[in-house]
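Okay, so here's the structure we're looking at.
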């Protein structure tokens, strides 16, 4: 009997806890929700699914301020982007842009424009990316407090640098990388990772232009900044770039030593593209050193990684096609459903209209008959 009472008490406490938890979630202030969105933003690469679920819940709760709902959509977009599902990411950032028409918040508008431009760059849609990045830059330069928008302006310049470098305009790209770096450095602390990426890409541009001393300086700066944050993948990328410069200078053994260090740094990262680049550098430098045994080892690793990347890309394309087909089926079902509904509405309206006409016709006929009877009665009563 006591066991049953304990079970009932425990069950009641569980229900009460759930009610309290639901009440707490529903009574979160805007500041609490903003803090949670910021926290989730830092978790998108570790747990994108929970970020998507949380973001959608916040967005769909229409009692939340529109600013909060827009930020929630930006979180959802970023989470899909981290999964490389760029179509879904674009869907939600586009919705955020639409809702911004109902929001009077210049800083949030700049954030959404920036995220949209960056997303288009990730999708290699460079004309649209430049369009949104230009809008971001213009809005940042017009904003009264420069310090509040420096990070957005820095990202804008650096992403523009990516685009121009991709289009083999390294002279122009270098100018944008430098402008982005200055904005980050003016902002102060906590931007080592972003600066490391900027210096790495700056080094790539110098290497393309055969300005090897400047390239080495940029790569070393990138390595230094990445180590501050313990960003092993960035350290490895910069080391790979520096090794390529060493190879151009025929310093093959130094290149091999650096690439081996980069490989060790990246072993837990799992970046196939990075590993492929390191393996390629290793087999090319071992070939230059006439070390055929090591050449064969790393050439085999290179081919295996290349096949793995191609398989992953094929699977991604297949998934994208299936998802696209699914969305088309949903759209067709929605169209058919709306068409069917419209037909039903038209039929019901037609029947009601016809019924009304018939009713009025019958009513008119009855009224005419009544009038005729009145006339006949009047004629009968005349002397």
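In the working numbering, the protein residues as written are 44 to 426. The C-beta atom is built at its ideal place from N, Cα and C for all residues, glycine as well. Remember, it's a predicted structure, so these values are computed and weren't measured experimentally.
1. Who are the Cβ neighbours of residue 146 in its own chain at under 8 Å, not counting the five residues just before and after it?
2. Among 271, 272, 234 and 218, whose alpha-carbon lies nearest the alpha-carbon of residue 246?
3. Measuring straight from C-alpha to C-alpha, what distance separates residue 236 and residue 243?
4. Output the boundary residues of the alpha helix (DSSP H) element that contains residue 332.
5. Compare the C-alpha of residue 331 against each of 409, 289 and 311 and name the closest.
6. Examine the Cβ distances between the stretch 136-145 and the stretch 177-197 and report whether three or more of them are shorter than 8 Å.
7. Within 10 angstroms of its Cβ, does residue 339 collect 16 or more other Cβ (buried), or is it exposed?
8. Could you check the C-alpha separation between residue 68 and residue 89 for me, to the nearest Å?
9. Could you tell me whether the stretch 278-287 touches the stretch 298-305, where touching means 3 or more Cβ pairs closer than 8 Å?
10. Where residue 240 and residue 75 are concerned, what is the direct C-alpha to C-alpha distance, given to the nearest angstrom?
11. Could you tell me the alpha carbon to alpha carbon distance between residue 190 and residue 103, rounded to whole angstroms?
12. In angstroms with no decimal places, state the Cα-to-Cα distance between residue 118 and residue 107.
13. Do residue 220 and residue 231 have their CB atoms nearer than 8 Å?
14. In chain order, what residues of the same chain have a beta carbon less than 6 Å from the beta carbon of residue 95, not counting five sequence neighbours either side?
15. Could you check what DSSP says for residue 167 in three-state terms: helix, strand or coil?
16. Take residue 199 as the anchor and find which of 214, 227 and 260 has the nearest alpha-carbon.
17. Please check the pair residue 206 and residue 164, which I expect to be a contact at CB under 8 Å, by giving their CB distance rounded to whole angstroms.
18. Only counting the same chain, and skipping five residues up and downstream in sequence, which positions put a Cβ closer than 8 Å to that of residue 60?
According to the structure shown:
1. Mapped onto the chain shown, residue 146 falls at position 103. Once the five neighbours on either side are set aside, the close Cβ partners of residue 146 are 109, 110, 113 and 152.
2. Numbered from its first residue, the chain shown carries residue 246 at position 203. With distances taken between Cα atoms, residue 246 lies closest to 218.
3. On the chain shown, residue 236 is found 193 positions in, with the first residue counted as 1. On the chain shown, residue 243 is found 200 positions in, with the first residue counted as 1. Looking at the two C-alpha atoms, the distance is approximately 11 Å.
4. Working through the chain shown from its first residue, we reach residue 332 at position 289. No alpha helix (DSSP H) contains residue 332, which DSSP labels as neither H nor E.
5. In the chain shown, counting from the first residue as 1, residue 331 sits at position 288. Residue 331 has its Cα closest to that of 289, out of 409, 289 and 311.
6. Short answer: they don't touch.
7. Position 296 of the chain shown, counting from 1, holds the residue named residue 339. Here residue 339 is exposed: its Cβ has fewer than 16 other Cβ atoms, across all protein chains shown, within 10 Å.
8. The residue labelled residue 68 in the question sits at position 25 within the chain shown. The residue labelled residue 89 in the question sits at position 46 within the chain shown. For residue 68, the predicted model reports a pLDDT of 44, less than 50, meaning its position is unreliable and no value from the coordinates is stated.
9. Look at the beta carbons and you see the stretch 278-287 touching the stretch 298-305: at least three pairs across the two are nearer than 8 Å.
10. Position 197 of the chain shown, counted from the first residue, corresponds to residue 240. Position 32 of the chain shown, counted from the first residue, corresponds to residue 75. Rounded to the nearest angstrom, the gap between the Cα atoms of residue 240 and residue 75 is 32 Å.
11. Your numbering for residue 190 matches position 147 in the chain shown. Your numbering for residue 103 matches position 60 in the chain shown. Inter-residue distance for residue 190 and residue 103 is about 33 Å (C-alpha atoms, whole angstroms).
12. Here residue 118 refers to the residue found at position 75 when the chain shown is read from its first residue. Here residue 107 refers to the residue found at position 64 when the chain shown is read from its first residue. For residue 118 and residue 107, the distance between alpha carbons rounds to 15 Å.
13. Indexing the chain shown from 1 puts residue 220 at position 177. Indexing the chain shown from 1 puts residue 231 at position 188. No. Outside cutoff.
14. Here residue 95 is taken as the residue at index 52 of the chain shown, counted from 1. Only residues of its own chain outside the window of five on either side were considered, and among them 119 and 122 have a CB closer than 6 Å to the CB of residue 95, listed in chain order.
15. Looking up residue 167 in the chain shown gives position 124. In the structure shown, residue 167 sits in coil (DSSP, three-state: anything other than H, G, I, E or B).
16. Position 156 of the chain shown holds residue 199. Nearest of 214, 227 and 260 to residue 199, Cα basis: 227.
17. Within the chain shown, the letter at position 163 stands for residue 206. Within the chain shown, the letter at position 121 stands for residue 164. Beta-carbon to beta-carbon, residue 206 and residue 164 are separated by about 6 Å, close enough to satisfy the 8 Å threshold.
18. On the chain shown, position 17 is the one that residue 60 refers to. Any reading at residue 60 needs caution, since the residue's pLDDT is 41, under 50, leaving its predicted position unreliable; the model's value is listed next. None.
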